[in-house]
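Read through the structure below, which is laid out as structure tokens, and then see the notes.
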Amino acid sequence: MNPSPTPAPSPAAPHKIAVVDLWKSFSGKPVLKGLTVEISSGESLVIVGGSGAGKSVFLKHLIGLIRPDRGRVIVDGQDLTSADAAVGLELRKKFGMSFQEGALFDSLDVFENIAFPLRRHTRMTAAEIADRVRECLELVHLPGVERKSPSELSGGMRRRVGFARAIAMKPEILLFDEPNTGLDPITSAVIDNVIVEMREHLPVTMVTITHDMKSAFRIADRVAMLREGVLIATAPPDEFRRIPDPYIQKFIAGEPLEEEVA
Amino acid sequence: MSSSARLLHSVRTPLEAVGLRTTALFEEAGRFFFILYQTGYWLLRRPFDGRQWLRQMVRVGVDSIPVVGLTALFTGMVMALQTYRGFERFHAEAYVGSVVSLSLTRELAPVLAALMIAGRIGSSLAAELGSMRVTEQIDALYAMATEPIHYLIVPRVAATTLMLPPLVACADGLGILGGYGVAVGLMGANPVVYWEKTFQYLDLNDVFSGLIKAAAFGLILSVTGCAKGFFTSGGAEGVGRSTTAAVVMASLVILISDFFLTKLLF
Chain A
3 MNPSPTPAPS PAAPHKIAVV DLWKSFSGKP VLKGLTVEIS SGESLVIVGG SGAGKSVFLK
63 HLIGLIRPDR GRVIVDGQDL TSADAAVGLE LRKKFGMSFQ EGALFDSLDV FENIAFPLRR
123 HTRMTAAEIA DRVRECLELV HLPGVERKSP SELSGGMRRR VGFARAIAMK PEILLFDEPN
183 TGLDPITSAV IDNVIVEMRE HLPVTMVTIT HDMKSAFRIA DRVAMLREGV LIATAPPDEF
243 RRIPDPYIQK FIAGEPLEEE VA
Chain B
1480 MSSSARLLHS VRTPLEAVGL RTTALFEEAG RFFFILYQTG YWLLRRPFDG RQWLRQMVRV
1540 GVDSIPVVGL TALFTGMVMA LQTYRGFERF HAEAYVGSVV SLSLTRELAP VLAALMIAGR
1600 IGSSLAAELG SMRVTEQIDA LYAMATEPIH YLIVPRVAAT TLMLPPLVAC ADGLGILGGY
1660 GVAVGLMGAN PVVYWEKTFQ YLDLNDVFSG LIKAAAFGLI LSVTGCAKGF FTSGGAEGVG
1720 RSTTAAVVMA SLVILISDFF LTKLLF
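Here it is as structure tokens:
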């Protein structure tokens, strides 16, 4: 592979990603309210929270899909929020992102979907691309589906092809947007195992957003709870389970809040 | 409610409606010019995706030949039929060929071809980009460090702008042939005189100006379709809305800009 030049990390950068005082509103309604979090290199951070808590909006800020009203997202010491188009594009090459429903290109088959970033950003030969696609599909336990179109795949398979596409460029940071939503518990566990295996095989920093607590505890080094645009707690899974906050305990147990019952 | 409050309310509601409409209009214009500017910005940047350009040119150009050709052929035929019957009244049948060729090359072929392409391509651009937007495929392109405007919109806008003139040239030819067929075959006009009169008053400038108009219409309709699709929100319903709006807006802008382009070019 012949990777494109990426901006060199600043030697002073203590974290892979630092999010500083992030604010974002849509139509006057605040979604993120001064969110601050630091993610170390090689860490797997899982952000949990209810629907509408701002999880997806947060994740999209990390890769520059949304610009914040205020605050900064610093990746390897470089500010993504104030980067110009060219630097932003280079910084995004450090990322791989898996979308909720896979976001596979309908017009391309599985092989071409995974090969897309390789054709676009590298000078790999056809044989090298074919090898890399096969390698990625094996990593997500989906060998032999190269020539299928996305419409022929089940929801779980589409997501795994999405994972394969996300890791094709050997990114330094992997983002997962609700990888288990809408899947049955067994497929959901398969997805979690794939994520855990990917972490074992690849030297990556991972940020996952989910509302599935089982999944969060399986794949996280650190779990953070987002509520109404603010991170209310961040802790390793074992500590997170013991946090005495009633909202967190009800969220883990999957029980309604008093005000919702009333 | 006091009378002054009622008065304020009755004035504010229509004012608010006017304000909202005006804001929406400026938003639409802003999106159109944003896509236009960005397309220009990314047009000559690398990587150049020749396969995409070619695919879009076939889709817009080659695949549209039947629909544009039939439209032009029958327009030429109707033109000949109508003008022959009219000119017959004051014994000016010999000039039917001139009227058909001039009106086709200067006006009818570019406008009708553009309206047909707005229906065929403008709508499909909006639907295609709209569904890519709502299924996060456009976000996925960003995430893979690929600028969606460069990858998706530049080839589509360029292909439509480049393919409209050759399509209109075909339409000119077919329309003139259609007119000839009706005038000579059906109405009994003298073929030599008809052919001579067809080209006697037709200037190359008439044809070229029509082709310039066609390129301008191609740019307008493709940018409108792409802008509508690119900024789609609201799921499947939003895609439907964008598709309809793309055709309506592109058709209106084509007809309005036709006046100004005609004034400018002729």
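Those protein sequences? They're chains A and B, same order as listed. With our numbering applied, the first sequence covers 3 to 264. With our numbering applied, the second sequence covers 1480 to 1745. Ideal placement from N, C-alpha and C gives every residue a C-beta, glycine not left out.
Item                                                                                                                           : Value
Beta carbon of P1627 (chain B) nearer than 8 Å to that of G1689 (chain B)                                                      : no
CB contact check: M1623 (chain B) to chain A, cutoff 8 Å                                                                       : yes
Between the CA atoms of L177 (chain A) and L61 (chain A) - distance to the nearest angstrom                                    : 7 Å
Straight-line gap, V1686 (chain B) to R1585 (chain B) (C-alpha atoms, nearest Å)                                               : 6 Å
Touching by the beta-carbon criterion (3+ pairs, under 8 Å), the region 162-170 of chain A and the region 91-104 of chain A    : yes
Residue environment, D186 (chain A), which counts as buried when at least 16 other CB atoms sit within 10 Å                    : exposed
Contact list for R94 (chain A) against chain B, beta-carbon separation under 8 Å                                               : Y1621, A1622, M1623 and A1624
Beta-carbon separation (whole angstroms), M171 (chain A) vs G98 (chain A), contact threshold 8 Å                               : 6 Å
8 Å Cβ shell around I1544 (chain B) - same chain, five flanking residues per side excluded                                     : L1646 and C1649
Contacts that F28 (chain A) makes with chain B (C-beta to C-beta distance below 9 Å)                                           : Here the premise fails: no neighbours, minimum Cβ distance about 11 Å.
Interface partners of P1526 (chain B) on chain A, CB under 8 Å                                                                 : R122
I250 (chain A) to F28 (chain A) span [Cα, whole Å]                                                                             : 26 Å
Nearest-angstrom Cβ-Cβ length linking A1668 (chain B) and V1575 (chain B), presumed shorter than 8 Å                           : 7 Å
Among B:R1485, B:I1691, B:L1700 and B:V1636, nearest to L1740 (chain B) - alpha-carbon criterion                               : B:I1691
Separation of E1716 (chain B) from V1541 (chain B), as counted between CA atoms                                                : 31 Å
Proximity test, Cβ basis, 8 Å: D1618 (chain B) and chain A                                                                     : yes
CB of I193 (chain A) within 8 Å of CB of S58 (chain A), strictly                                                               : no
Nearest-angstrom Cα separation, counted from E174 (chain A) out to F1738 (chain B)                                             : 55 Å
Within chain A, the residues that V1614 (chain B) reaches when beta carbons sit closer than 7 Å                                : The question names Val, yet the displayed sequence has Thr at residue 1614 (chain B). Per Cβ cutoff of 7 Å: E103 and A105.
Distance, V1732 (chain B) Cα to H1570 (chain B) Cα                                                                             : 39 Å
CA nearest to the CA of Q80 (chain A), picked from A:A235, A:P205, A:A20 and A:P152                                            : A:A20
Endpoints, beta strand (DSSP E) assigned at I65 (chain A)                                                                      : Counting along the chain, I65 (chain A) falls outside any beta strand (DSSP E), and DSSP gives it neither H nor E.
Pair within 8 Å by beta-carbon distance, T1722 (chain B) and S1602 (chain B)                                                   : yes
Top-ranked residue by Cα proximity to L1587 (chain B), from B:F1553, B:A1508 and B:T1614                                       : B:F1553
Cutoff 8 Å: I65 (chain A) Cβ touching any chain B Cβ                                                                           : yes
Minimum Cβ-Cβ distance from M99 (chain A) to chain B less than 8 Å                                                             : yes
Neighbourhood of G51 (chain A) by C-beta distance below 7 Å, restricted to the same chain and skipping five residues each side : K57, H213, M227, L228 and R229
Sub-8 Å separation of G1565 (chain B) and G1657 (chain B) beta-carbons                                                         : no
Partners in chain B for L91 (chain A), counting only beta-carbon separations shorter than 8 Å                                  : A1624 and E1626
Per DSSP, cross-strand counterpart(s) of Q80 (chain A)                                                                         : A:V77
Test item: CB-CB of T207 (chain A) and K31 (chain A) under 8 Å                                                                 : no
Per DSSP, the bridge partner or partners of P32 (chain A)                                                                      : A:S27
Segment contact flag, the region 1512-1531 of chain B with the region 1700-1708 of chain B, C-beta cutoff 8 Å, min 3 pairs     : yes
Bridge partners - A179 (chain A), DSSP secondary structure assignment                                                          : Ala is not the amino acid found at residue 179 (chain A); the sequence shown has Asp there. Bridge partners of D179 (chain A): A:I211.
Cβ contact check for the region 1527-1536 of chain B and the region 1625-1642 of chain B: 3 or more pairs under 8 Å            : yes
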